[in-house]
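Quick notes on the structure that follows.
Number of protein chains: 2
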Amino acid sequence: MTTPLRLGIAGLGTVGIGVVKIVQRHANTLARRAGRPIEIVAVSASSRGKKRGADISTYAWEDDPVALARRDDVDVVVELIGGENGPAKALVEAAIAHGKDVVTANKALLAHHGQSLALAAEEAGRVLRFEAAVAGGIPVIKALTEGLAGNRIERVMGVMNGTCNYILTQMEATGQGYNALFEECARLGYLEADPNLDVGGIDAGHKLSLLAAIAFGTQVDFDAVELQGITDISLDDIRLARDMGFSIKLLGVAQLTGRGLEQRMTPCLVPASHPLGQLDGGTNMVVIEGDSVGQIVLRGPGAGEGPTASAVMSDVMDIARGLRLPTFGEAAANLLEAPAAVVSSAAPWYLRMTLLDKPGALARIATVLGESGISIDRMRQYSHDGAHAPVLIVTHRAASDDIRHALERFAATGVLVGAPVAMRIEEV
Amino acid sequence: MTTPLRLGIAGLGTVGIGVVKIVQRHANTLARRAGRPIEIVAVSASSRGKKRGADISTYAWEDDPVALARRDDVDVVVELIGGENGPAKALVEAAIAHGKDVVTANKALLAHHGQSLALAAEEAGRVLRFEAAVAGGIPVIKALTEGLAGNRIERVMGVMNGTCNYILTQMEATGQGYNALFEECARLGYLEADPNLDVGGIDAGHKLSLLAAIAFGTQVDFDAVELQGITDISLDDIRLARDMGFSIKLLGVAQLTGRGLEQRMTPCLVPASHPLGQLDGGTNMVVIEGDSVGQIVLRGPGAGEGPTASAVMSDVMDIARGLRLPTFGEAAANLLEAPAAVVSSAAPWYLRMTLLDKPGALARIATVLGESGISIDRMRQYSHDGAHAPVLIVTHRAASDDIRHALERFAATGVLVGAPVAMRIEEV
Chain A
-1 MTTPLRLGIA GLGTVGIGVV KIVQRHANTL ARRAGRPIEI VAVSASSRGK
49 KRGADISTYA WEDDPVALAR RDDVDVVVEL IGGENGPAKA LVEAAIAHGK
99 DVVTANKALL AHHGQSLALA AEEAGRVLRF EAAVAGGIPV IKALTEGLAG
149 NRIERVMGVM NGTCNYILTQ MEATGQGYNA LFEECARLGY LEADPNLDVG
199 GIDAGHKLSL LAAIAFGTQV DFDAVELQGI TDISLDDIRL ARDMGFSIKL
249 LGVAQLTGRG LEQRMTPCLV PASHPLGQLD GGTNMVVIEG DSVGQIVLRG
299 PGAGEGPTAS AVMSDVMDIA RGLRLPTFGE AAANLLEAPA AVVSSAAPWY
349 LRMTLLDKPG ALARIATVLG ESGISIDRMR QYSHDGAHAP VLIVTHRAAS
399 DDIRHALERF AATGVLVGAP VAMRIEEV
Chain B
-1 MTTPLRLGIA GLGTVGIGVV KIVQRHANTL ARRAGRPIEI VAVSASSRGK
49 KRGADISTYA WEDDPVALAR RDDVDVVVEL IGGENGPAKA LVEAAIAHGK
99 DVVTANKALL AHHGQSLALA AEEAGRVLRF EAAVAGGIPV IKALTEGLAG
149 NRIERVMGVM NGTCNYILTQ MEATGQGYNA LFEECARLGY LEADPNLDVG
199 GIDAGHKLSL LAAIAFGTQV DFDAVELQGI TDISLDDIRL ARDMGFSIKL
249 LGVAQLTGRG LEQRMTPCLV PASHPLGQLD GGTNMVVIEG DSVGQIVLRG
299 PGAGEGPTAS AVMSDVMDIA RGLRLPTFGE AAANLLEAPA AVVSSAAPWY
349 LRMTLLDKPG ALARIATVLG ESGISIDRMR QYSHDGAHAP VLIVTHRAAS
399 DDIRHALERF AATGVLVGAP VAMRIEEV
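Which chain is which? The protein sequence lines are A and B, in order. Number 18 in my numbering belongs to position 20 of the first sequence; there are no gaps in the numbering. Number 159 in my numbering belongs to position 161 of the second sequence; there are no gaps in the numbering.
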């Protein structure tokens, strides 16, 4: 097979230019590995005149990205525009309709429209691939779909937003608060245009919903992801968690149990000695647990020109080599519509609260926990100013609705100052 | 495609039975993922009557494994006999000759005969796959060959012998010496029949030679691997290294530089804070560095029934899905014969020696280092008994032949007691 594979690239931002650079720099290596040349024939972006870090003058230019889908000389449309609707969606739909294979890095698009796009691609006999949409340069889609294809996947976990992990690990390392670090990230350009995509957990939630679909053979269901960002994490919690041997991470967890599909992207405590707890800075990590393989940990850069372009090229090379799989690892028409689990699987919980320093206050709290069916593993009361007593509780395994119920009942005790903090301790 | 993929399995030890269990337990899931059923039609092992952990009574039995290769009802021969020659090699050759695809977990076979077997398979239009031969359940062959196919690979590193890593981390954790832990491993059945395969680094060296071939597009060259086992690692070195922030690992490193192909499987110091330094017990880790992706770390169980069978099934599922690649990621006929690098790339070194406690002894050593072009980063002299002074030196980056040269010249100084210890500090 020596026919070149011809790419049309839409979107020439950081990642698009990263892809152009790889195709130009490694033309010979890629051809040797794929058994055929990889060529870029056409590109599209919002501004033709803009200075870019690569020479694109030999490629055809299209002002309208959808025009790439109609070109007879394009085999694969590479969609790097981004955004859940608008031109990205129009392009991917047009590309499939015109018989092109599609490679995208667009997690928002797939989290919202993955099922319908995958169905359309498979009906048209085309592939729609998205390695770059999850965890940047880590080849996690391939690991899960192919490398672990012999396993029943039991749980997938991931730290998949570098900005959040940077903020949390810097809070711990420097003692700066969330707001100061948020401002630093804004200055450094680490934040999305809408920062809530990062710190609200939405971006990471998109990624988790894609991993869950692949892991469990279920239809992507982003709307069912339990989302909680990192904006309320305090230095106190970070320090107290560390004292007890835990790190706080914005952790995505997906599990398919008898109760349905659990998908959580929330701040969790994980053991400081586990690779998840040791993950510093902007690096991403995905942990996959299979019934045969046990626990596999994948770690690498989650964003940036090179890593994301590397992931895009993984899909391009698969297509060039004739490796064709359904978008989510099995036929989209067969993916299950799993109900969302209302109650999460049981776990120990971290509870922090401030009590009025009056006789019986702690007893009231302990009684509520006991009556809610929650038993206490460890408790610490910290030295205090006389009026308010900070109290820390680590529970034994408890159901999430028992914890919710107890938190509601705490309010009625009249002994709490402010709202209690509750975070799940993910057992890894 | 609903034609079943029909397997003939040779070797029904731990891994073979693990594969049988997966195929039986997950028949429906595998069929859904592959788009076709996976069936076992025939098996072969040394003893038919032996009790095994799975029911094999419905499969055809062959006393001679090579007979599997001749069966018309077998599409894929799964070779799990092991051993670099003998029946395993005869079976794989026969399978290719009879037009079967082959999946093997046999690192010794491929380290020694990988090039000729891959050539034969490719000439016959068959695939020969070996995910299970390297790092157990970690899908590292797939990550390197496919997931990072857009990268020039700059370095591959790995801790790939769980027994050695168990011994080294237990030495550090418990303060027991090498011999006591070797005995413990023997009792626990952690050692190969020839323990030198483990503690001599040969098994891990086999794996490294396979990774190097894939990473750099070179012909497998196990004979060029610099091999040094862990039998001489002392508790002193483990403690002293830890004092300076390092862990000692049996680390495989492969790099292709202007000097040729470096392949080392030797005890090295790595930063205790890096995932390699944090890797405890029998777990394996592979670190891949690519020019676009940066550093990817893969961690998981390196041996055992489930993990190894999971890797075998990854290859089986690829074949079932029609994903067909050359054995080493590109056509075997195109793989380069890279010369082995005589001199390793420069690195800091850890040197430990005992000096006679007489005036000028340290100066003699420092002079030799200086004259060998080696500069000292850190030096510690430990308190001592009056006659002998233990000295620890961390050098700045130095070429391996400069280190070798200096070690040779140390002998002539007449101030050393015993042989000095020298270990490379791998910068990660």
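In this text, a Cβ means the ideal position worked out from N, Cα and C, and glycines have one as well. Predicted model, so just to flag it, every value in this text is computed and none were measured.
So with Cβ pairs under 8 Å, would you call residue i a contact of chain B?
i       : result
H24(A)  : yes
A147(A) : yes
A336(A) : no
I136(A) : yes
N332(A) : yes
E328(A) : yes
I20(A)  : yes
V295(A) : yes
S312(A) : yes
E121(A) : no
M155(A) : no
R319(A) : yes
T325(A) : no
E152(A) : no
E144(A) : yes
Report the option in the options whose CA atom is closest to the CA atom of residue i.
i       : options                               : result
A252(B) : A338(B), L390(B), H386(B) and L195(B) : A338(B)
Q293(A) : L28(B), E369(B), G300(B) and V291(B)  : G300(B)
Q99(A)  : A109(A), L115(A) and G84(A)           : Rather than Gln, the amino acid found at residue 99(A) in this sequence is Asp. Ranking A109(A), L115(A) and G84(A) by Cα distance to D99(A) puts L115(A) first.
T229(B) : A409(B), M158(B) and P265(B)          : P265(B)
M421(B) : V268(B), V197(B) and E144(B)          : V268(B)
I236(A) : Y176(A), L209(A) and I401(A)          : Y176(A)
E82(B)  : E37(B), D71(B) and A109(B)            : A109(B)
R376(B) : G199(B), D221(B), R350(B) and I94(B)  : R350(B)
R378(A) : A40(A), L333(A), L360(A) and K87(A)   : L360(A)
L5(B)   : D383(B), I151(B) and P35(B)           : P35(B)
A43(A)  : R31(A), A119(A), P85(A) and G33(A)    : P85(A)
E152(B) : V125(B), E287(B), G33(B) and K87(B)   : E287(B)
V154(A) : K205(A), L107(A), A364(A) and D399(A) : K205(A)
L225(B) : A387(B), S55(B), N194(B) and D313(B)  : N194(B)
D196(B) : V415(B), G173(B) and A106(B)          : A106(B)
Write down the C-beta distance between residue i and residue j rounded to the nearest angstrom, noting that I regard them as a contact closer than 8 Å.
i       : j       : result
P137(A) : L117(B) : No, P137(A) and L117(B) are not in contact; Cβ-Cβ is about 28 Å, not under 8 Å.
L259(B) : A336(B) : 4 Å
A16(B)  : S290(A) : The displayed chain sequence assigns Gly, not Ala, to residue 16(B). Confirmed, about 7 Å.
V295(B) : G298(A) : 7 Å
L249(A) : V157(A) : 6 Å
A103(B) : A130(B) : 4 Å
N159(A) : D201(A) : 6 Å
On the CB-based measure, 16 or more other CB atoms within 10 Å of its CB, does residue i come out buried or exposed?
i       : result
K140(B) : buried
W347(A) : buried
R402(A) : exposed
T143(B) : buried
R124(B) : buried
G327(A) : buried
D73(B)  : buried
Does residue i come within less than 8 Å of chain A when only Cβ atoms are used?
i       : result
I38(B)  : no
A141(B) : yes
D430(B) : An answer regarding residue 430(B) cannot be provided, because it is not within the stretch -1 to 426 covered by chain B.
E424(B) : no
A307(B) : yes
P269(B) : no
D316(B) : yes
V291(B) : yes
P35(B)  : no
A30(B)  : Correcting the residue type first, residue 30(B) is Arg in the shown sequence and not Ala. With 8 Å as the cut-off, R30(B) counts as an interface residue toward chain A.
Can you tell me whether residue i sits near the ligand NAD, meaning its C-beta is under 7 Å from at least one heavy atom of the ligand?
i     : result
T1(B) : This structure lacks the ligand NAD; in fact it carries no ligand of any kind.
So, do the stretch 166 to 175 of chain B and the stretch 209 to 218 of chain B have three or more beta carbon pairs nearer to each other than 8 Å? no
Is there contact here, the stretch 385 to 397 of chain A with the stretch 318 to 334 of chain A, by at least three beta-carbon pairs under 8 Å? no
Between the stretch 7 to 14 of chain A and the stretch 274 to 283 of chain B, are three or more C-beta pairs nearer than 8 Å? no
Pair every Cβ in the stretch 321 to 332 of chain B with every Cβ in the stretch 239 to 254 of chain B, then say whether three or more of these pairs are closer than 8 Å. no
Does the structure place the stretch 171 to 185 of chain A close enough to the stretch 303 to 316 of chain A that three or more beta carbon pairs sit under 8 Å? The count of Cβ pairs closer than 8 Å, one atom from the stretch 303 to 316 of chain A and one from the stretch 171 to 185 of chain A, stays below three, leaving the stretches out of contact.
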